[in-house]
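2 protein chains.
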Amino acid sequence: MTEFLKFTPLVQSLPATVPFVGPETQERAAGRPFRARIGANESGFGPAPSVKTAIGSGADEVWKYCDPENYELREALGTHLGISSDRIVVGEGIDGLLGLVVRQIVTEGTPVVTSLGAYPTFNYHVAGFGGRLVTVPYHNDKEDLDALLMTVIRENAPLVYLANPDNPMGTWHDNKDVAAFARTLPEGTMLVLDEAYGETAPASALPAIEALIDRPNILRMRTFSKGYGLAGLRCGYAFGSPGTITSFNKVRNHFGVNKMAQIAALAALKDQDYLTGVCSRIIASRKRIDAIARANRLATLPSATNFVAIDCGRDGEFATALLQELVKRGVFVRMPAVAPLNRCIRISVGPDDEMDIFEEELPQALAAVC
Amino acid sequence: MTEFLKFTPLVQSLPATVPFVGPETQERAAGRPFRARIGANESGFGPAPSVKTAIGSGADEVWKYCDPENYELREALGTHLGISSDRIVVGEGIDGLLGLVVRQIVTEGTPVVTSLGAYPTFNYHVAGFGGRLVTVPYHNDKEDLDALLMTVIRENAPLVYLANPDNPMGTWHDNKDVAAFARTLPEGTMLVLDEAYGETAPASALPAIEALIDRPNILRMRTFSKGYGLAGLRCGYAFGSPGTITSFNKVRNHFGVNKMAQIAALAALKDQDYLTGVCSRIIASRKRIDAIARANRLATLPSATNFVAIDCGRDGEFATALLQELVKRGVFVRMPAVAPLNRCIRISVGPDDEMDIFEEELPQALAAVC
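Protein chains in written order, with the working numbering: chain A, 114 to 483; chain B, 114 to 483.
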């Protein structure tokens with residue numbers, strides 16, 4: 114025997130995969146580090162100095178298991194959001210929470226609705242539990258709320274995914290439209306409203322907490338990975354009605370949120386001044402990416418996130434070639450995977466020195482492919 | 114509508130639970146911190162100073178996503194174990210890996226064999242995927258290899274769990290017996306050999322790596338939580354045949370192992386001198402717990418772990434009362450949940466000051482219940 118034969122038929126049918134190839138893998142292949150790391154929508158501005166201090170002190174605490182109830186962090190989040198902590202679950206990033214919500218709703222053949230080209234890790238989890246993914250094309254580079262709703266109804270789907278602001282395009286819907294979409298969904302359809310980029314969005318993009326909090330079929334998800342600059346520590350949270358939140362306690366890995374994430378997230382939440390400052394830098398960096406693109410006669414899409422999609426003006430093949438030229442020059446960037454979104458490349462904001470490198474290399478990369 | 118109605122029937126049938134109530138929860142209820150934290154089999158000796166230094170420097174790295182392939186850590190583990198890195202998967206603690214292996218094998222009604230009173234989190238995962246748990250009593254406070262094998266065959270079970278050394282009793286089997294058990298299992302039965310306490314066990318307890326490495330139906334799991342003192346960072350690993358290991362890439366949360374865990378585990382692995390020193394302190398602390406118990410006319414079980422089971426000499430009710438008296442006196446300890454194991458309380462090793470407190474409080478706790 115060379116293979117174990119009793120894996121479930123579903124697992125046997127799945128491909129072994131790495132949904133995102135890390136920049137580390139590319140660096141190993143190239144034999145040298147990237148000069149600019151502006152591809153994974155991380156925050157090159159980093160977490161607050163106060164958070165780094167807390168992490169340093171945390172070294173004395175990591176021998177202890179983390180609190181499996183994430184009590185202090187949930188209390189602090191409750192205060193921050195103005196809701197009680199029994200409406201909040203903390204997980205190993207939004208990725209971990211997505212896996213848990215899919216597991217709770219999806220079995221083999223369950224229809225699940227998302228946008229064509231939207232967050233791949235959600236799709237990975239749906240496939241992993243045997244769900245049938247039904248995709249809706251973007252409309253004008255935005256997720257198409259009307260078509261998502263119609264598709265949910267047509268498929269009688271118990272689960273739909275919407276990112277607002279959107280990744281990979283950076284676009285967003287007005288909070289009134291999002292709230293109307295959410296409240297119009299059938300009661301038997303769970304909406305995962307991924308607000309990973311909530312902190313970097315204009316206030317008008319986010320429905321008020323109280324607008325959706327009492328719906329058992331709405332889960333809003335946020336993270337410490339983006340605005341707060343803690344992508345590596347894996348800490349996200351979801352909030353909604355107490356019954357829906359409690360259900361996570363049936364299936365989650367109770368010690369999954371590590372102690373350093375708990376310590377750092379708590380410190381990050383306390384330092385809202387730093388977050389405000391970082392958001393200003395993110396907005397400034399978005400403007401700089403736009404200026405660099407326009408100086409090279411390329412258009413950008415409006416962005417409410419910590420990245421900007423540059424429209425390369427031609428097809429996916431051209432954008433891929435341009436991306437490869439940038440990578441070859443030591444600039445780590447990524448791009449959407451599906452047409453017509455893949456006419457764009459996606460540039461994460463970052464400190465000026467990384468933007469300088471991008472500004473220097475983009476014209477050369479363009480010259481190489483034109 | 115007050116509840117979401119489309120959770121799967123399995124999820125609707127599960128209880129919301131916290132498998133281990135954290136000491137933090139008890140501290141909140143009591144309104145004061147524990148004086149001695151010797152209940153969760155953590156390492157009060159902490160990680161190496163070199164690891165703490167690495168964690169401090171790591172504060173500058175946590176804005177980056179972790180490497181989803183855990184490349185450097187798997188390479189280092191491969192060198193450490195003398196196997197290639199395609200035989201190793203890293204996960205969010207053994208807990209996380211247990212969930213993933215259960216998910217790959219168990220569907221509703223699948224029989225799964227374990228020992229009655231063994232690790233509850235494994236059972237939690239089995240229940241979470243709808244498996245049918247079949248339990249085998251301990252024999253002389255050890256997991257009963259012959260009975261486990263017979264039960265596997267009788268039930269035609271595709272999954273069996275064995276911890277060696279054992280938690281919660283601390284006992285162990287000789288490596289020859291473990292290897293013989295493992296190699297006699299049917300090819301269609303996956304053995305999870307949980308070696309969380311491998312570093313603190315005598316060499317004679319652990320089968321040689323090469324003795325079992327080529328069996329596709331054997332997964333050995335180890336962790337940085339115990340000997341290495343990094344319970345809070347959530348980093349465990351499994352090793353086995355390449356096909357069985359690759360299968361994890363179909364279902365795992367690829368960014369689940371956080372960057373600080375990667376940094377700290379790598380540093381911990383490099384500092385084997387510290388591990389050697391800690392293991393000496395663990396052995397000394399086991400002896401001290403034994404001496405304290407005997408001074409109070411209580412027997413202890415032999416231990417290959419970082420804890421010692423004290424036989425309180427009567428039934429579970431008595432041991433529970435004693436444990437509650439210790440807790441009331443600020444000493445955090447735990448105990449097995451099932452008879453006859455629950456005649457014992459389980460004391461984790463720790464620094465001398467914590468042992469002093471235990472030594473001081475045990476006679477008083479005994480006096481209160483006798």
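We treat Cβ as the ideally placed atom computed from N, Cα and C, and that holds for glycine. Predicted model, so just to flag it, every value in this text is computed and none were measured.
At 7 Å on the CB atoms, spell out the chain B contacts of residue 308 (chain A), in chain order.
Result: empty, since nearest Cβ-Cβ is about 18 Å, beyond 7 Å.
Under 8 Å between C-beta atoms, does residue 303 (chain B) make it to chain A?
-> Under the Cβ criterion of 8 Å, residue 303 (chain B) is counted among the residues facing chain A.
Supposed close pair residue 454 (chain B), residue 310 (chain B) - CB separation, criterion 8 Å: No, residue 454 (chain B) and residue 310 (chain B) are not in contact; Cβ-Cβ is about 17 Å, not under 8 Å.
Every unbroken beta strand (DSSP E) inside the segment 321-371 of chain B [3 residues or more]
331-336 and 349-352
So, at 8 Å on beta carbons, what are the nonlocal neighbours of residue 233 (chain B) in its own chain, with the 5 sequence-adjacent residues on each side left out? 132, 133 and 450
| said: Using only the alpha-carbon positions, how far apart do residue 472 (chain B) and residue 405 (chain B) sit? | reply: 6 Å
Beta-carbon gap between residue 126 (chain B) and residue 387 (chain B) smaller than 8 Å: no
My assumption, with CB atoms under 8 Å, is that residue 210 (chain A) sits in contact with residue 334 (chain A). Please give the rounded CB distance.
At roughly 6 Å, the Cβ-Cβ gap stays under 8 Å, so residue 210 (chain A) and residue 334 (chain A) are in contact.
TODO: May I ask you to report which of helix, strand or coil DSSP gives residue 392 (chain B)?
DONE: In this structure, residue 392 (chain B) counts as helix in the three-state DSSP scheme.
What are the complete beta strand (DSSP E) segments, minimum 3 residues, inside the segment 255-299 of chain B?
For the segment 255-299 of chain B, whole beta strand (DSSP E) runs of length 3 or above, ordered along the chain, are 272-276.
*Output, in chain order, the set of chain B residues within a Cβ distance shorter than 9 Å of residue 124 (chain A).*
216, 217, 218, 360, 363 and 364
- Could you work out which residues of chain A lie near residue 137 (chain B), taking near to mean beta carbons separated by less than 7 Å? 180 and 184
- request: Grab the span of the alpha helix (DSSP H) containing residue 303 (chain A) for me, first residue to last.
  value: First-last for residue 303 (chain A): 303-307, but that is the beta strand (DSSP E), not the alpha helix (DSSP H).
Worksheet entry | Secondary structure of residue 246 (chain B), DSSP reduced to three states | strand
Requested in this report: Check the Cβ of residue 297 (chain A) against every Cβ in chain B and list those closer than 9 Å, keeping chain order.
Outcome: Those within 9 Å of residue 297 (chain A) in chain B number zero; the least Cβ separation is about 14 Å.
Q.
Going by beta-carbon coordinates alone, are residue 425 (chain B) and residue 458 (chain B) separated by less than 8 Å?
A. yes
- Message: As a quick exercise: from B:428, B:456 and B:123, pick the residue whose alpha carbon is nearest that of residue 241 (chain B).
- Response: B:123
Worksheet item: Do you know whose CA, among A:243, A:352 and A:337, lies nearest residue 121 (chain A)'s CA?
Response: A:243
| message | Checking 8 Å against the spacing of the C-beta atoms, do residue 398 (chain B) and residue 444 (chain B) come in under that value? | response | no
With a cut-off of 8 Å, does the C-beta of residue 472 (chain A) fall near any C-beta of chain B? no
task: Can you say whether residue 181 (chain A) is buried or exposed, counting buried as having 16 or more other CB atoms within 10 angstroms of its CB?
output: buried
- Item | Cross-chain neighbours of residue 151 (chain B) in chain A, by beta carbon under 7 Å | In chain order: nothing, as chain A lies at least about 12 Å away.
- Task: Flag this pair as yes or no: are the beta carbons of residue 301 (chain B) and residue 329 (chain B) separated by less than 8 Å?
- Result: no
Counting contacts by CB-CB distance shorter than 8 Å, is residue 132 (chain B) in contact with chain A?
-> yes
Legend entry - Neighbour flag for residue 288 (chain A) against chain B, beta carbons, 8 Å: no
Shortest alpha-carbon distance to residue 439 (chain B) belongs to which of B:160, B:148, B:366 and B:314? B:148
Q.
Contact criterion: CB-CB distance below 8 Å. Does residue 160 (chain A) meet it with respect to chain B?
A. yes
Self-check item: the segment 211-225 of chain B touching the segment 187-196 of chain B, judged by at least three CB pairs closer than 8 Å
Solution: no
Quick check: what's the CA-CA separation for residue 430 (chain B) versus residue 456 (chain B)? 8 Å
| residue 137 (chain A): which of B:380, B:479, B:372 and B:205 sits nearest, CA to CA? | Ranked by how close their Cα comes to the Cα of residue 137 (chain A), the residues B:380, B:479, B:372 and B:205 have B:372 in first place.
| message | Would you say residue 176 (chain B) lies against chain A (beta-carbon separation less than 8 Å)? | response | yes
Decide if the segment 166-181 of chain B is in contact with the segment 469-483 of chain B; the criterion is three or more beta carbon pairs, one per stretch, under 8 Å apart. Contact check between the segment 166-181 of chain B and the segment 469-483 of chain B: fewer than three CB pairs, one atom from each, fall below 8 Å, which does not count as touching.
Runs of 3 residues minimum, wholly inside the segment 394-431 of chain B: which ones carry the beta strand (DSSP E) assignment? 420-424
Going along chain B, which residues have a C-beta under 8 Å from residue 141 (chain A)? 184
Legend entry - Contacts that residue 168 (chain A) makes with chain B (C-beta to C-beta distance below 9 Å): 168, 169, 171, 172, 175 and 373
### Query
What does residue 120 (chain A) reach in chain B if we use C-beta pairs closer than 7 Å?
217, 218 and 360
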